[in-house]
Structure formats: C-alpha cells, structure tokens
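Going left to right, the sequence shown walks through residues 932 to 1175 as our numbering numbers them.
Even for Gly, the Cβ is constructed at its ideal location relative to N, Cα and C.
Here the structure comes first, spelled out in structure tokens, and everything after it is commentary.
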Amino acid sequence: NASSLVSGSRSSKTFKPKKNIPEGSHQYELLKHAEATLGSGNLRQAVMLPEGEDLNEWIAVNTVDFFNQINMLYGTITEFCTESSCPVMSAGPRYEYHWADGTNIKKPIKCSAPKYIDYLMTWVQDQLDDETLFPSKIGRCSRVTQDGTSWQNHILIHAPRCIPGVPFPKNFMSVAKTILKRLFRVYAHIYHQHFDSVMRLQEEAHLNTSFKHFIFFVQEFNLIDRRELAPLHELIEKLGSKDR
C-alpha cells in the first residue's frame, strides 16, 4: 500500500505537518478508494480516474497524498541533507535547481538543498491549504433510488437541492502541475544524493513504491513535461518496462 508505505518505517517523523483530508468528505472516500486499489498491486490501474469521478478532484486528492508521502520520505533523511553535505539543490552533477515562487522570491536564487526543499514544501503546503485552489467542499447532490438506498454522490454543476460548494478554479490544473513538478525534484534529490542513506535505513522499497506510484500517476494524466523528468529518466524507463 503506497499511501501508508512509510507507516512501518524507521520513524513517523515528517518534514512538514501532514495534510489531512477531512473524514466523511467525498475526497476522503476517493482517497480510501485509491488506497484499496493500490493494495491490488496494479499501479497502472490504480492511478486511473475512477468511473464517474471529477478529474480535478482526483488530481487534488492524489496531490495531497504525494505531498504526505514525500514529506515522510524526506523526513527520514533530513539529518543527512545539510547545508554542508548539499550546498546546492541538485539531482546529480548535471541538474541544479534555483528557487523562485513568483511572489515572495521572484528572481531564482541559488540555495542549499535543505533550504530549497524547505521553501518548496512550505510553498506546496500553502497551495494545499488555500480553499480557493484546493476546495475541500465540492458542490454535490446525493440522489436516492426508488428503494430508498442512496446512490453514490455525484458532482453536479446545475442540480436542484444540491449542497453548495466551492468549484475548482480555472487555473487549478496549472497549479497542480507546478506542485507535482516541484515534488518530483525532491524525489530526484533523494535518489541522486541520498540513496545510500535510504538503503542503510532500509527504506528503498518504500521510496521505490512511492516514486513508481507518483510516476505512473503523472504519466496517466500527462502532468509533468518529459524534460523535467530527465534526472531520473533511466529509473523511470526501468520502472515502466517491468509493467509492459
């Protein structure tokens, strides 16, 4: 189960506070569906949009889940990722990242990996906490069948007696793509600079399962440009070939 893949790991320490999806909400049900499907072991199938579900909501739920996974994975190796061990944010000798968020820091700055990842995860957290970007209450209506049993909740745009909710904004997909592109960089840094530490901690199975789930998800919906994935191109090819 990739969603709880770090629950049995060395520590439950997270880098940033875990982002919780409210219990009882439709998004919580979607997360439970994702976890159950992941348990089947077929990751290609697990990432597909469930029938009748809204694409934005599916991407939102999974983005929160990936943030939590990376948060925990990076949390296990923070003591090895320091200003002196990682003076620049890199993914191998050919790829270096400079931080800019377009608001607080407009011109990209060169900084250490721990500083960059702190900026990055704080920025992601701010996006996920923004109800106008990631609404937790989607407008929906619960329809009832003739025998009185409730149908699955459906997302309705114009429906009578619908529970009012906040729709996803027009720029949601572009924000989600930026979040996932940046989260990928944390995976890339861990693989290139800290995989020996990951192996010493016996966390490699957790890392590989989480990354495979992440890659299959972004490939399914074409969420990250191939050029951005270049630092882990060989690993991505290897993971994909096992499923062909």
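Between the C-alpha atoms of residue i and residue j, what's the straight-line distance to the nearest angstrom?
{"i": "Asp985", "j": "Ala1107", "result": "15 Å"}
{"i": "Cys1012", "j": "Leu961", "result": "34 Å"}
{"i": "Trp989", "j": "Lys1038", "result": "33 Å"}
{"i": "Pro953", "j": "Tyr959", "result": "6 Å"}
{"i": "Asp1003", "j": "Ser1105", "result": "What sits at residue 1003 in the sequence shown is Met, not Asp. Rounded to whole angstroms, Met1003 to Ser1105 spans 25 Å at the Cα level."}
{"i": "Lys1169", "j": "Phe1065", "result": "33 Å"}
{"i": "Pro881", "j": "Glu1159", "result": "Absent from the structure is residue 881, since the part of the chain shown begins at 932 and ends at 1175."}
{"i": "Arg1019", "j": "Trp1030", "result": "Arg is not the amino acid found at residue 1019; the sequence shown has Val there. Cα to Cα, the separation comes out at about 11 Å."}
{"i": "Leu1059", "j": "Leu1051", "result": "12 Å"}
{"i": "Val992", "j": "Val978", "result": "11 Å"}
{"i": "Cys1017", "j": "Pro1100", "result": "37 Å"}
{"i": "Glu1014", "j": "Gln1056", "result": "23 Å"}
{"i": "Gln1000", "j": "Asp1061", "result": "20 Å"}
Report buried or exposed for residue i, applying the criterion of at least 16 other Cβ atoms within 10 angstroms of its Cβ.
{"i": "Gly1033", "result": "exposed"}
{"i": "Gly1079", "result": "Note on Gly1079: pLDDT 37, under 50, position unreliable in the model; no value is reported."}
{"i": "Arg1157", "result": "exposed"}
{"i": "Ala965", "result": "buried"}
{"i": "Asp1127", "result": "exposed"}
{"i": "Thr1113", "result": "Before going further, note that residue 1113 is Arg rather than Thr in the sequence given. Burial call: buried."}
What whole-angstrom Cβ distance do residue i and residue j have, given they're in contact under 8 Å?
{"i": "His1144", "j": "Ser1021", "result": "Not confirmed; about 24 Å, so no contact."}
{"i": "Phe1147", "j": "Leu974", "result": "5 Å"}
{"i": "Phe997", "j": "Lys950", "result": "Contact doesn't hold; Cβ gap of about 10 Å is too wide."}
Check your understanding: Can you list, in chain order, the stretches of the beta strand (DSSP E) that have 3 or more residues and sit fully within the stretch 1136-1168?
Key -> none
Review point. Taking one C-beta from the stretch 1107-1127 and one from the stretch 1151-1164 each time, how about it: are there three or more such pairs within less than 8 Å?
Key: yes
Review point. Should the stretch 1131-1142 be called in touch with the stretch 1040-1060, which here means at least 3 C-beta pairs below 8 Å?
Key: no
Exercise for review: Evaluate contact between the stretch 1003-1012 and the stretch 1127-1137, counting only Cβ atoms and requiring at least three cross-stretch pairs below 8 Å.
Suggested key: yes
Point to revise | Every unbroken beta strand (DSSP E) within the stretch 958-1003, with a cutoff of 3 residues, ordered by chain | key: none
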